[in-house]
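Single-structure report; data block below.
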Amino acid sequence: MDTPADTTTFADLALRPELLDMLDELGYEEPTPIQREAIPPLLDRKDLLGQAATGTGKTAAFALPVLQHLPAGDRGDAPTALVLVPTRELAMQVSEAFHRYGRKLGARVLPVYGGQPIWRQLKALERGVDVVVATPGRAIDHITRGTLTMDALRAVVLDEADEMLDMGFLEDIEAILAEVPEDHQTMLFSATIPPRIDGMARKYLRDPVRITVGREAAFEGDEPLIRETAYVVPRSAKPAALGRILDIEAPTAAIVFCRTRNEVDELTETMNGRGYRAEALHGGMSQEQRDRVMDRLRNETADLLVATDVAARGLDIDHLTHVVNYDVPSAPESYTHRIGRVGRAGREGVAITLVEPRQHRMLKAIERHTRRRMDVEKVPSVADLRARRLEMTRAALHESLLVDGDHLDQFRVVVDSLTDEFDVVEVALAAIKLAHEATGAGADDEDVPDVSLQTDRPGDGGGGGKNRPPRRGPSAGTTRLFINQGRTAGIRPKDLVGAIANESSLSGRDIGAIEITSNFSLVEVPEAAADEVIQALRNTTIKGKKANVRRDQKG
Ligand code: AMP
32 MDTPADTTTF ADLALRPELL DMLDELGYEE PTPIQREAIP PLLDRKDLLG QAATGTGKTA
92 AFALPVLQHL PAGDRGDAPT ALVLVPTREL AMQVSEAFHR YGRKLGARVL PVYGGQPIWR
152 QLKALERGVD VVVATPGRAI DHITRGTLTM DALRAVVLDE ADEMLDMGFL EDIEAILAEV
212 PEDHQTMLFS ATIPPRIDGM ARKYLRDPVR ITVGREAAFE GDEPLIRETA YVVPRSAKPA
272 ALGRILDIEA PTAAIVFCRT RNEVDELTET MNGRGYRAEA LHGGMSQEQR DRVMDRLRNE
332 TADLLVATDV AARGLDIDHL THVVNYDVPS APESYTHRIG RVGRAGREGV AITLVEPRQH
392 RMLKAIERHT RRRMDVEKVP SVADLRARRL EMTRAALHES LLVDGDHLDQ FRVVVDSLTD
452 EFDVVEVALA AIKLAHEATG AGADDEDVPD VSLQTDRPGD GGGGGKNRPP RRGPSAGTTR
512 LFINQGRTAG IRPKDLVGAI ANESSLSGRD IGAIEITSNF SLVEVPEAAA DEVIQALRNT
572 TIKGKKANVR RDQKG
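The C-terminal residue of the sequence shown carries number 586 in the numbering used here, and the numbering is unbroken.
The following block contains the structure:
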């Protein structure tokens with residue numbers, strides 16, 4: 032079912048050896064669809080409009096060409112590339128990605144965002160950098176101070192452009208772009224392309240290549256019979272969540288897809304440590320090793336195959352009941368390829384996807400592509416798990432009573448000898464306890480935090496305060512801040528969101544209800560970040576004015 036284009040390798044993309052070595056070291060086996068399509072034109076210094084969400088591998092899609100173009104030899108002090116991102120969190124992530132991919136090239140990368148002492152950024156800029164990854168507000172700040180030199184820029188990336196516009200950064204972005212030298216390459220990435228992004232593309236991109244992830248027809252022929260479920264899990268809790276889900280689902284055989292070779296090896300080890308019979312399968316293994324793994328799966332000495340897409344291509348495992356996406360696949364097409372391995376020949380299969388809170392857009396893109404709905408469910412709780420394990424023990428006993436009836440008599444002597452001292456029900460209970468524990472039940476009781484997708488956004492009604500009754504207490508886990516400026520000072524929700532997102536570690540999605548009265552405003556923020564936000568807002572200006580910020584007394 033794979034299209035011929037799927038076989039493109041990183042080497043086919045003509046990347047520098049330092050980059051290829053690094054990708055190999057990271058265990059990346061092949062480019063994701065957005066990388067396959069975007070990298071060649073970007074290497075030719077074409078402008079690009081890419082519709083791609085977090086989880087598609089878009090960061091490497093623009094980072095690798097930018098790194099490829101770093102001048103050889105002495106690179107001077109001024110940056111040659113500027114990446115604009117909506118939040119501090121993303122600035123750090125993107126800059127780490129650049130750092131990782133560009134390590135063998137000695138790439139100097141600097142994240143620049145509000146909330147961090149400016150002197151540290153000034154020093155780093157003075158020492159010389161190649162790539163600056165900045166939130167728009169801080170970038171403007173440095174440009175105004177003359178500390179961010181724009182003269183040497185050859186590439187500008189607008190990442191998550193739709194989100195930057197939602198957060199009110201349009202003016203800042205336009206002011207920044209006005210400072211970039213004429214001869215440069217522009218790349219615009221956005222999960223959605225609403226008219227405003229389209230307008231921006233028309234204004235700032237020259238004859239751009241357009242790329243959308245998720246265009247192929249979803250299923251060829253009959254739709255497979257598959258129950259599709261997504262679980263929202265923070266990255267750190269994924270192994271525990273996977274264990275919990277497998278315990279509840281009790282698959283006959285499952286394949287768990289990971290993104291990289293390194294991730295496959297790590298997860299296989301973790302799952303074996305937790306008592307599952309897991310085998311790794313990835314492109315770094317010899318044919319002989321792979322055959323051995325497949326044999327163990329076929330003769331059922333293994334029940335979990337942890338694999339990369341490349342290694343699992345073309346595999347046909349007859350008794351496979353479950354496909355697990357340990358990571359959201361990099362494109363909706365890979366999702367359908369993966370889950371199409373179950374639900375064949377009239378048997379129902381199960382597809383499970385672990386989603387990180389930031390990846391909700393990828394989930395939507397997949398649903399649009401398959402034209403099917405995934406159930407978004409909570410990771411089963413410890414109580415669910417116990418109930419399920421008891422049910423399995425009950426079923427095993429029931430079966431034994433039905434099937435082994437005649438052979439049970441040999442144990443009567445044990446019961447008889449104990450019933451002198453104990454009630455027969457007590458004896459049964461103790462026997463069940465032993466049988467229950469013999470199945471390994473009770474091992475994994477760690478907590479999996481209960482998180483949800485980050486879809487609420489102030490300003491679009493989701494997390495905003497429009498429909499809230501005035502002055503009620505803040506929601507659980509949040510604190511309400513009082514800001515002594517309101518409608519008369521021209522304050523709009525986006526000014527507050529912009530100031531907070533730009534100056535603190537919060538992103539727009541972390542901010543709760545906003546209420547603006549004529550003379551003051553109230554904003555809900557997570558309790559844990561309240562002090563940081565207060566400090567950050569006191570050190571900045573909102574609509575050009577210093578604001579007085581404190582915890583709301585009535586909250
Ligand atoms: P992004 O969509 O840029 O946020 O990337 C999502 C994740 O995919 C990141 O953890 C990357 O490290 C990883 N990734 C990006 N490209 C590849 C690739 N070609 N193979 C495996 N993993 C990748």
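Every residue, glycine too, gets a C-beta built ideally from N, C-alpha and C.
Hey, out of the options, whose CA is closest to residue i's CA?
i: Ala-206; options: Thr-223, Pro-167, Thr-217; result: Pro-167
i: Leu-113; options: Asn-303, Leu-208, Arg-76; result: Leu-208
i: Tyr-366; options: Tyr-307, Pro-71, Leu-385; result: Leu-385
i: Val-240; options: Asp-541, Ala-544, Gly-81; result: Gly-81
i: Phe-220; options: Ile-228, Arg-404, Asp-214; result: Ile-228
i: Val-97; options: Gly-107, Pro-72, Glu-259; result: Pro-72
i: Val-116; options: Glu-56, Pro-110, Phe-200; result: Phe-200
i: Val-373; options: Arg-308, Asp-322, Pro-282; result: Pro-282
i: Ser-267; options: His-313, Glu-387, Gly-315, Arg-305; result: Glu-387
i: Arg-275; options: Ser-412, Tyr-235, Leu-335; result: Ser-412
i: Ala-122; options: Arg-169, Gly-107, Val-381, Pro-48; result: Arg-169
i: Thr-509; options: Pro-524, Ala-459, Gly-371, Asp-562; result: Asp-562
i: Ala-427; options: Arg-378, Ala-469, Arg-443; result: Ala-469
i: Pro-148; options: Ile-204, Asn-570, Val-580; result: Asn-570
i: Arg-417; options: Arg-581, Leu-449, Asp-278; result: Asp-278
i: Thr-39; options: Pro-524, Ser-317, Ile-547, Ala-69; result: Ala-69
i: Pro-64; options: Thr-548, Ile-171, Ile-242; result: Ile-242
i: Arg-341; options: Arg-403, Val-295, Asp-326; result: First, the amino acid is wrong: residue 341 is Val here, not Arg. Nearest option by C-alpha distance: Val-295.
i: Asp-238; options: Glu-60, Thr-401, Ala-560, Arg-76; result: Arg-76
Are residue i and residue j close, meaning C-beta to C-beta below 9 Å?
i: Ile-522; j: Ser-552; result: yes
i: Pro-62; j: Gly-86; result: no
i: Phe-93; j: Met-231; result: no
i: Leu-101; j: Ala-138; result: yes
i: Val-355; j: Met-393; result: no
i: Leu-164; j: Leu-141; result: Before going on, a small fix: residue 164 reads as Val here, not Leu. Yes; because the gap between Cβ atoms is below 9 Å, this pair is in contact.
i: Val-381; j: Glu-280; result: yes
i: Gly-159; j: Gly-107; result: yes
i: Leu-184; j: Thr-111; result: yes
Assign residue i to buried or exposed, taking buried as 16 or more other Cβ atoms, counted over all protein chains shown, within 10 Å of its Cβ.
i: Phe-453; result: exposed
i: Ala-36; result: Unreliable placement is indicated for Ala-36, whose pLDDT of 48 sits below 50; no coordinate value is reported for it.
i: Ala-578; result: buried
i: Gly-345; result: exposed
i: Ser-535; result: buried
i: Asp-78; result: buried
i: Glu-319; result: exposed
i: Gln-216; result: buried
i: Thr-572; result: exposed
i: Arg-425; result: exposed
i: Val-337; result: buried
i: Val-3; result: Examination of residue 3 is not possible in this model, given that the chain is present from 32 through 586 alone.
i: Ala-192; result: buried
i: Pro-489; result: Residue placement at Pro-489 cannot be trusted, given a pLDDT of 39 that sits under 50; the coordinates are not used to answer.
i: Gly-543; result: buried
i: Lys-576; result: exposed
i: Gln-66; result: buried
i: Leu-46; result: buried
i: Val-444; result: exposed
i: Leu-44; result: buried
i: Arg-151; result: exposed
i: Arg-503; result: Residue confidence for Arg-503 is low, a pLDDT of 44 falling below 50, so the modelled location carries little weight and cannot support an answer.
List the whole-angstrom C-beta distance separating residue i from residue j, where the pair is believed to meet the contact cut-off of C-beta under 8 Å.
i: Ala-271; j: Leu-351; result: Not quite, the Cβ-Cβ distance comes to about 24 Å (not below 8 Å), so this is no contact.
i: Leu-568; j: Val-556; result: Going by Cβ atoms, the distance from Leu-568 to Val-556 rounds to 10 Å, so no, they are not a contact pair.
i: Arg-511; j: Asp-583; result: 4 Å
i: Gly-58; j: Thr-291; result: 4 Å
i: Glu-408; j: Tyr-262; result: 6 Å
i: Thr-608; j: Gly-314; result: The chain is shown only over 32 to 586; residue 608 falls outside these bounds and no answer can be derived.
i: Ala-109; j: Asp-182; result: 6 Å
i: Met-198; j: Val-528; result: 6 Å
Per DSSP, what are the beta-bridge partners of residue i in this structure?
i: Gln-216; result: Ala-186
i: Glu-555; result: Arg-511
i: Leu-115; result: Ala-165, Leu-189
i: Asp-406; result: Thr-260
i: Gln-82; result: Ser-221, Thr-243
i: Leu-141; result: Val-163
i: Asn-356; result: Phe-288, Thr-384
i: Glu-546; result: Leu-553
i: Ala-311; result: Val-337
i: Arg-581; result: Phe-513
i: Lys-576; result: Ile-573
Taking CB distances under 9 Å as the criterion, tell me whether residue i reaches chain C.
i: Lys-77; result: No chain C appears in the structure shown, which is made up of a single protein chain.
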